[in-house]
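What the sequence shown shows, in our numbering, is residues 12 to 123, in sequence order. First comes the structure, then the notes that go with it.
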Amino acid sequence: MIFINLLPLRRKKKMIVNLVMLEAKPECIEEMKAICTYNHENSVKEEGNVRFDVLQNAEDPCKFTLYEVFENKEAIEFHKNTEHYKRWAQAMEHILAAPRYKISNTDVAFTK
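Following this line, the structure appears as structure tokens:
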């Protein structure tokens with residue numbers, strides 16, 4: 012049996028991967044898509060943002076997931092202080108049917 016030492020291939024810094032779970036009111040689905048797309052288009056331009064995807068649940072069109080990958084906490088803080096994030100957060104106040112929640116992760120094996 013041959014063992015290969017993969018430790019040198021591992022990144023030293025862990026990225027932060029957030030799954031933000033959203034549920035829109037049925038009458039606000041199109042507005043949710045529009046404001047999340049606006050947030051996406053601007054977020055991917057930020058330094059420190061690795062990925063920012065907007066996903067809609069295949070079984071329940073009211074449910075959305077934001078898949079956000081940032082290099083570090085500073086990149087997240089920068090993101091939360093941008094005009095597009097503030098506009099998105101304000102829109103969520105009347106779009107959401109339930110409170111949003113976030114699942115925060117770090118990467119183990121990651122494809123960029």
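Even glycine gets a Cβ: it sits at the ideal position worked out from N, Cα and C. Bear in mind that the values here come from a model prediction, so they are computed numbers and not experimental data.
C-alpha gap between residue i and residue j, whole angstroms
i           : j           : result
residue 41  : residue 98  : 16 Å
residue 118 : residue 108 : 30 Å
residue 74  : residue 24  : 32 Å
residue 36  : residue 72  : 10 Å
residue 101 : residue 50  : 12 Å
In DSSP terms, what residue i is bridged to
i           : result
residue 78  : 30, 64
residue 112 : 32
Element boundaries [alpha helix (DSSP H), containing residue i]
i           : result
residue 48  : 40-54
residue 84  : 84-91
residue 102 : 94-106
For residue i, three-class secondary structure by DSSP
i           : result
residue 120 : coil
Proximity below 8 Å, CB of residue i to CB of residue j
i           : j          : result
residue 47  : residue 28 : no
residue 60  : residue 81 : yes
residue 113 : residue 33 : no
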